[in-house]
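Novice: I have a structure here, written as structure tokens, and I will follow up with some questions on it.
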Amino acid sequence: MSSPFTALLESLSRQRGVRASLIVSENDGLVVDANLRFGQDGDRVAALAASMYRKARMSASAARLGAVGFLQLDAERGRICAVGGRGDLVIVVVAEPAANVGLIRVELLKALDSLT
Amino acid sequence: MADDIHGWSEELARDPSSLVFLQLGEALRRQGQLEVALKIALRGLERHPRHAEAHDLVARIAVDRRDFARAVEEWETVLRISPSHLGAMKGLGYISFQQGRFNDAERFLNEASAGGAGTDVDAALETVRRSSGSIPVPRVGDDPAPDPQRLFADILLDAGQTALLLDANGYVMGGLYLDGDGNDLGQEIGAQLSGISDEVVRATRHLDIGEWRSILFETHAAVVAMAPAADGSLLVVAASKATPLGLLRRLLDRCAQRAAEWLGAGGSR
Chain A
1 MSSPFTALLE SLSRQRGVRA SLIVSENDGL VVDANLRFGQ DGDRVAALAA
51 SMYRKARMSA SAARLGAVGF LQLDAERGRI CAVGGRGDLV IVVVAEPAAN
101 VGLIRVELLK ALDSLT
Chain B
1001 MADDIHGWSE ELARDPSSLV FLQLGEALRR QGQLEVALKI ALRGLERHPR
1051 HAEAHDLVAR IAVDRRDFAR AVEEWETVLR ISPSHLGAMK GLGYISFQQG
1101 RFNDAERFLN EASAGGAGTD VDAALETVRR SSGSIPVPRV GDDPAPDPQR
1151 LFADILLDAG QTALLLDANG YVMGGLYLDG DGNDLGQEIG AQLSGISDEV
1201 VRATRHLDIG EWRSILFETH AAVVAMAPAA DGSLLVVAAS KATPLGLLRR
1251 LLDRCAQRAA EWLGAGGSR
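Protein chains in written order, with our numbering: chain A, 1 to 116; chain B, 1001 to 1269.
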């Protein structure tokens, strides 16, 4: 089944090192659409990524740094990148540690533009 | 506040020459809507080019946008129009301090203090005096222990860059974050940002991607990077929006190394 976001998510998932791409509602942490590998728990990724993004947004706002756009988390065995800040939707990518995050960022920002 | 903003916006729409743009711009600035605030302030300035408070507003917005060159320009204009303007003196004192020009910082803050600026300026003045030439830039192994507020001073490259080392409870252990009025916001900023790390730990644990190494995010006003440090502490580095993310990562790495050395030496170096 395809959705208005299918092409966008497929484009993100074609980037080298990307394991999953999702569109998530920041407010409730639910998956709007996702491109996942077999066996991945999209609901869990969505809830955690949305929660992390929301916390960053609220903390930055309280610190008077303005709205959050791109966010990148690096861990030992993976990376999470997210963009939002234009309404409720956040686009999330889960990637390998060796993925080219600069390229992923550019693609995420392009994808965000196409959402709005 | 939303009602106030709405009311001021309507008043300004009815009368574009109204001075209400000062309140509207300041309210938007405090809400972090810096681009809108700047637009309002600049439109007001076009109609009131000799109004000191209008230039002061633009300067404060510029500081929040980490555009320190513009802030200096505006506050210098304020002092030409109104030589005893305390806000401009405090602002120029703050930027001079951030740029390591301690004599200038002390001069501006002295003038502000003499003009009755209040206890916050006296505290800022004390910080400047402690940080001025009498105390050398710290290096690991130096003795006696330097001011923890200057822990990252020699690593940061320009006035728009800031670094804080927070303990596990979000309290500041080292570094400094001053606002446009010379107030140290480190504790407030630290408390707000340290909450992110709890969320990050939760996410990495549940997603089974190992220990987190850093988080980086871009906001309207700044780019911010954070990394875990020893004993549950947290390093926060912020820089102007214009700072390339790769450079920010390098700054974070260098500050993390400094923090590790400092903590390893018992927090006194």
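Here a beta-carbon is modelled for each residue, glycine too, at the ideal position from N, C-alpha and C.
Determine the chain A residues that contact residue 1036 of chain B at a beta-carbon separation under 9 Å, and present them in chain order.
Specialist: Translated into positions along the second sequence, residue 1036 of chain B becomes position 36. The contacting residues do not exist; residue 1036 of chain B stays about 11 Å from chain A at best.
Novice: Here's the rule I'm using: 16 or more other beta-carbon atoms within 10 Å means buried, otherwise exposed. How should residue 1206 of chain B be labelled?
Specialist: Within the second sequence, numbered from 1, the residue matching residue 1206 of chain B stands at position 206. It counts as exposed.
Novice: Would a check of beta-carbon distances place residue 76 of chain A closer than 8 Å to chain B?
Specialist: Taking the first sequence and counting its residues from 1, one reaches residue 76 of chain A at position 76. It does; some Cβ of chain B falls within 8 Å.
Novice: For a contact meaning CB atoms closer than 8 Å, what does residue 64 of chain A contact in chain B?
Specialist: Position 64 of the first sequence holds residue 64 of chain A. Those are 1030, 1032, 1064 and 1221, listed as they occur along chain B.
Novice: Show which residues of chain A have a CB atom less than 7 Å away from the CB atom of residue 1189 of chain B.
Specialist: One-based indexing of the second sequence puts residue 1189 of chain B at position 189. Under the 7 Å cutoff, chain A gives 63.
Novice: Tell me which residue opens and which closes the beta strand (DSSP E) that residue 33 of chain A is part of.
Specialist: In the first sequence, counting from the first residue as 1, residue 33 of chain A sits at position 33. Run containing residue 33 of chain A: 31-35, per the beta strand (DSSP E) assignment.
Novice: Which of the residues in the stretch 31-47 of chain A, read from start to end, lie with their CB under 7 Å from any CB of chain B?
Specialist: Answer set for the stretch 31-47 of chain A: 44 and 45.
Novice: In the DSSP assignment, the alpha helix (DSSP H) including residue 74 of chain A goes from what residue to what residue?
Specialist: One-based indexing of the first sequence puts residue 74 of chain A at position 74. Unbroken run through residue 74 of chain A is the beta strand (DSSP E), 68-75; no alpha helix (DSSP H).
Novice: Going by DSSP, what residue range makes up the beta strand (DSSP E) through residue 1219 of chain B?
Specialist: Translated into the one-based positions of the second sequence, residue 1219 of chain B becomes position 219. Note, residue 1219 of chain B: beta strand (DSSP E), 1212-1219.
Novice: Quick one: grab the DSSP three-state call for residue 1141 of chain B.
Specialist: In the second sequence, the residue the question calls residue 1141 of chain B occupies position 141. Note that residue 1141 of chain B has pLDDT 48, beneath the 50 cutoff, so the model's placement of it is unreliable and no number is given.
Novice: To be precise: take each residue of the stretch 1196-1207 of chain B, compare its Cβ to all Cβ atoms of chain A, and keep it if any distance is under 9 Å. Which residues remain?
Specialist: Taking 9 Å as the Cβ-Cβ cut-off against chain A, the residues of the stretch 1196-1207 of chain B that qualify are 1196, 1198, 1199, 1200, 1202, 1203, 1204, 1206 and 1207.
Novice: In the DSSP assignment, what residue or residues form a beta bridge with residue 79 of chain A?
Specialist: Residue 79 of chain A sits at position 79 when you count from the first residue of the first sequence. Residue 79 of chain A is bridged to A:74 and A:95.
Novice: Alpha carbon to alpha carbon, what distance is there between residue 1002 of chain B and residue 97 of chain A?
Specialist: On the first sequence, residue 97 of chain A is found 97 positions in, with the first residue counted as 1. On the second sequence, residue 1002 of chain B is found 2 positions in, with the first residue counted as 1. So the alpha carbons of these two residues sit roughly 43 Å apart.
Novice: Name the DSSP bridge partner or partners of residue 1185 of chain B?
Specialist: Here residue 1185 of chain B is taken as the residue at index 185 of the second sequence, counted from 1. None; residue 1185 of chain B has no bridge partner.
Novice: What number of angstroms, rounded off, separates the C-alpha of residue 1247 of chain B from the C-alpha of residue 1027 of chain B?
Specialist: The residue given as residue 1247 of chain B occupies position 247 in the second sequence. The residue given as residue 1027 of chain B occupies position 27 in the second sequence. Going from the Cα of residue 1247 of chain B to the Cα of residue 1027 of chain B covers about 33 Å.
Novice: Just to confirm my understanding: we take residue 1204 of chain B, look at its own chain, exclude 5 residues before and 5 after, and list those with CB closer than 8 Å. What are they?
Specialist: Working through the second sequence from its first residue, we reach residue 1204 of chain B at position 204. The answer, listed in chain order, is 1210, 1211 and 1212.
Novice: Please tell me whether residue 93 of chain A has its Cβ less than 8 Å away from any Cβ of chain B.
Specialist: Start at 1 with the first residue of the first sequence, and residue 93 of chain A comes out as number 93. Taking Cβ atoms only, chain B never reaches closer than 8 Å to residue 93 of chain A, which makes this a no.
Novice: Quick one: Cα of residue 111 of chain A to Cα of residue 8 of chain A, how far?
Specialist: Translated into the one-based positions of the first sequence, residue 111 of chain A becomes position 111. Translated into the one-based positions of the first sequence, residue 8 of chain A becomes position 8. Answer to the nearest angstrom: the Cα atoms are 6 Å apart.
Novice: Which whole-angstrom value is the C-beta distance of residue 72 of chain A and residue 94 of chain A, which I expect to be below 8 Å?
Specialist: Residue numbering aside, residue 72 of chain A sits at position 72 when the first sequence is read from its first letter. Residue numbering aside, residue 94 of chain A sits at position 94 when the first sequence is read from its first letter. No, residue 72 of chain A and residue 94 of chain A are not in contact; Cβ-Cβ is about 12 Å, not under 8 Å.
Novice: Take residue 1086 of chain B and list the residues in its own chain whose beta-carbon comes closer than 7 Å to its own, dropping the five residues that flank it on each side.
Specialist: Translated into the one-based positions of the second sequence, residue 1086 of chain B becomes position 86. Same-chain partners within the cutoff: 1112, 1115 and 1117.
Novice: Against chain B, does residue 55 of chain A count as a neighbour if the rule is that its beta carbon must be under 8 Å from one of theirs?
Specialist: Working through the first sequence from its first residue, we reach residue 55 of chain A at position 55. So, interface residue.
Novice: Residues bridged to residue 1162 of chain B by DSSP?
Specialist: Position 162 of the second sequence, counted from the first residue, corresponds to residue 1162 of chain B. Looking at the DSSP assignment, residue 1162 of chain B forms a beta bridge with B:1238.
Novice: If we count Cβ pairs, one from each stretch, closer than 8 Å, do we get three or more for the stretch 13-32 of chain A versus the stretch 49-66 of chain A?
Specialist: Touching, yes, given that three or more Cβ pairs across the two stretches are closer than 8 Å.
Novice: By the criterion of Cβ-Cβ separation under 7 Å, what are the contact partners of residue 59 of chain A in chain B?
Specialist: Here residue 59 of chain A refers to the residue found at position 59 when the first sequence is read from its first residue. Result: 1192, 1193, 1195 and 1196.
Novice: In terms of residue numbering, what span does the beta strand (DSSP E) encompassing residue 1061 of chain B cover?
Specialist: Taking the first residue of the second sequence as position 1, residue 1061 of chain B is located at position 61. From DSSP, residue 1061 of chain B is part of no beta strand (DSSP E) but of the alpha helix (DSSP H) over 1052-1064.
Novice: Using a Cβ-Cβ cut-off of 7 Å (strictly less than) and excluding sequence neighbours within five positions of residue 1139 of chain B, which residues of its own chain qualify?
Specialist: Here the question's residue 1139 of chain B lines up with position 139 in the second sequence. At residue 1139 of chain B the pLDDT is 46, less than 50, meaning the model places this residue with poor confidence and gives no usable figure here.
Novice: Quick check on residue 1152 of chain B - is its C-beta less than 8 Å from some C-beta in chain A?
Specialist: For the purposes of this step, residue 1152 of chain B is taken as residue 152 along the second sequence, with counting starting at 1. Chain A contact via Cβ: absent.
Novice: Grab the span of the alpha helix (DSSP H) containing residue 17 of chain A for me, first residue to last.
Specialist: Against the first sequence, residue 17 of chain A aligns to sequence position 17. Premise fails: residue 17 of chain A is in no alpha helix (DSSP H) and is neither H nor E.
Novice: Going along chain B, which residues have a C-beta under 9 Å from residue 17 of chain A?
Specialist: Within the first sequence, residue 17 of chain A is the residue found at index 17, counting from 1. Ordered by position in chain B, no residue passes the 9 Å Cβ test against residue 17 of chain A, which lies about 13 Å from the chain.
Novice: Can you check whether the C-beta of residue 1218 of chain B is within less than 8 Å of a C-beta belonging to chain A?
Specialist: Counting from one through the second sequence, the residue named residue 1218 of chain B turns up at place 218. With 8 Å as the cut-off, residue 1218 of chain B counts as an interface residue toward chain A.
Novice: Can you give me the Cβ contacts of residue 1004 of chain B inside the same chain, cut-off strictly under 8 Å, excluding the 5 residues immediately before and after it?
Specialist: The sequence position of residue 1004 of chain B within the second sequence is 4, counting from 1. Answer for residue 1004 of chain B: 1023 and 1027, listed in chain order.
Novice: So, at 6 Å on beta carbons, what are the nonlocal neighbours of residue 1089 of chain B in its own chain, with the 5 sequence-adjacent residues on each side left out?
Specialist: By one-based count along the second sequence, residue 1089 of chain B stands at place 89. 1108, 1111 and 1112, listed in sequence order.
Novice: Does any CB atom of chain C fall closer than 8 Å to the CB of residue 106 of chain A?
Specialist: No chain C appears in the structure shown, which is made up of the protein chains A and B.
Novice: Would you be able to state if there are at least three C-beta pairs under 8 Å between the stretch 1067-1079 of chain B and the stretch 1228-1237 of chain B?
Specialist: They do not touch, by the three-pair rule.
Novice: Thinking residue 1255 of chain B and residue 1163 of chain B are a contact (beta carbons under 8 Å), I'd like their distance in whole angstroms, please.
Specialist: For the purposes of this step, residue 1255 of chain B is taken as the residue at position 255 of the second sequence. For the purposes of this step, residue 1163 of chain B is taken as the residue at position 163 of the second sequence. Right, the Cβ-Cβ distance comes to about 5 Å (below 8 Å), so this counts as a contact.
Novice: From this set, B:1161, B:1122, B:1094 and B:1084, which residue's C-alpha is nearest residue 1059 of chain B's C-alpha?
Specialist: Position 59 of the second sequence, counted from the first residue, corresponds to residue 1059 of chain B. Of the candidates B:1161, B:1122, B:1094 and B:1084, the one whose C-alpha sits nearest the C-alpha of residue 1059 of chain B is B:1094.
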